[in-house]
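Chemist: Sharing a structure, written as structure tokens. Questions coming.
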Amino acid sequence: MYTPKEVEKVLFTKEQLDERIKQLGGEITRDYADKEPLFLGVLRGAAVFLADLMRAVELPLTIDFIRTQSYVGTESSGKVEVDLMNIGDINGKDVVIVEDICDTGRSLTEINKALKALNPNSLKTVCLLDKPSRRVVDFQPDYTGFVIDDLFVIGCGFDCGGKYRNLPYIGVYKTE
Ligand code: IMP
Ligand code: MG
Numbered sequence: 236m237y238t239p240k241e242v243e244k245v246l247f248t249k250e251q252l253d254e255r256i257k258q259l260g261g262e263i264t265r266d267y268a269d270k271e272p273l274f275l276g277v278l279r280g281a282a283v284f285l286a287d288l289m290r291a292v293e294l295p296l297t298i299d300f301i302r303t304q305s306y307v308g309t310e311s312s313g314k315v316e317v318d319l320m321n322i323g324d325i326n327g328k329d330v331v332i333v334e335d336i337c338d339t340g341r342s343l344t345e346i347n348k349a350l351k352a353l354n355p356n357s358l359k360t361v362c363l364l365d366k367p368s369r370r371v372v373d374f375q376p377d378y379t380g381f382v383i384d385d386l387f388v389i390g391c392g393f394d395c396g397g398k399y400r401n402l403p404y405i406g407v408y409k410t411e
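Letter 171 of the sequence shown, counting from 1, is numbered 406 in our numbering, and no numbers are missing.
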């Protein structure tokens, strides 16, 4: 197993992730029966999760990507800007935002605001991880893979300085 020295410990193995993502895919398949949802992945972190999740959903879905940019002055004044890239017309569509993690809740709050303004038929959010103890803005994802403590994680899309996204498991980042 590829284990960089920055991995303090493995939090979720590839097998645990596969299993949970399969369950999430099943839930979404049931909830969106007879619909053709548009999955909007939030780059770059959610790319890995989106790739796994979409293959666990048995529906004629489509995908696209958006981005966020955080301008962090201080922790408390962190501002998020949403880049809708070229998603086009989502009026009347059933949109599912696919995000890696809900941390402070700022990104997902802003993303939801920006997308709601474009008049989708429905708008839901799925997160692979949720860190409720870190919440600054009140936000609750509709679907969550795993709830975790206030830990900084890497792997399965999660990065530190752009690295470690390719680890097939989720690990705790070693700070020392
Ligand atoms: P927010 O604080 O909820 O707006 O989340 C902002 C972004 O911070 C997430 O989309 C992730 O990209 C990133 N992030 C939050 N926690 C972690 C972590 O533990 N590891 C890596 N990235 C994280
Ligand atoms: Mg992100």
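All residues carry an ideal CB built from backbone N, CA and C; glycine is no exception.
Note that this is a predicted model, so its numbers are computed, not measured.
Can you give me the C-alpha to C-alpha distance between Asn-354 and Leu-275, rounded to a whole angstrom?
Modeler: 15 Å
Chemist: Within this structure, are the beta carbons of Val-277 and Val-333 separated by less than 8 Å?
Modeler: yes
Chemist: Where does Gly-392 fall in DSSP's three states?
Modeler: coil
Chemist: Please classify Gln-375: does DSSP put it in a helix, a strand, or coil?
Modeler: Three-state DSSP puts Gln-375 in coil, outside helix and strand.
Chemist: Looking at the strands, I want to know which residues DSSP matches up with Ser-305.
Modeler: Val-315
Chemist: Under a three-way DSSP split, which group does Asp-299 fall into?
Modeler: strand
Chemist: Kindly indicate which residue of Lys-314, Ser-357 and Phe-387 has the alpha-carbon position closest to the one of Lys-326.
Modeler: In the sequence as presented, Lys is not what sits at residue 326; that position holds Asn. With distances taken between Cα atoms, Asn-326 lies closest to Ser-357.
Chemist: Would you give the residue range spanned by the alpha helix (DSSP H) that Glu-345 belongs to?
Modeler: Start and end: 341-351.
Chemist: Buried or exposed for Arg-290, going by 16 or more other Cβ atoms inside 10 Å?
Modeler: exposed
Chemist: When the Cβ atoms of the region 370-385 are set against those of the region 259-269, are three or more pairs found closer than 8 Å?
Modeler: Remark: three or more beta-carbon pairs, one from each stretch, lie closer than 8 Å, so the region 370-385 and the region 259-269 are flagged as touching.
Chemist: Should Ala-281 go down as buried or exposed, given a rule of 16 or more other Cβ atoms within 10 Å for buried?
Modeler: buried
Chemist: Could you check if Ser-342 is buried or exposed, using at least 16 other CB atoms within 10 Å of its CB as the buried criterion?
Modeler: buried
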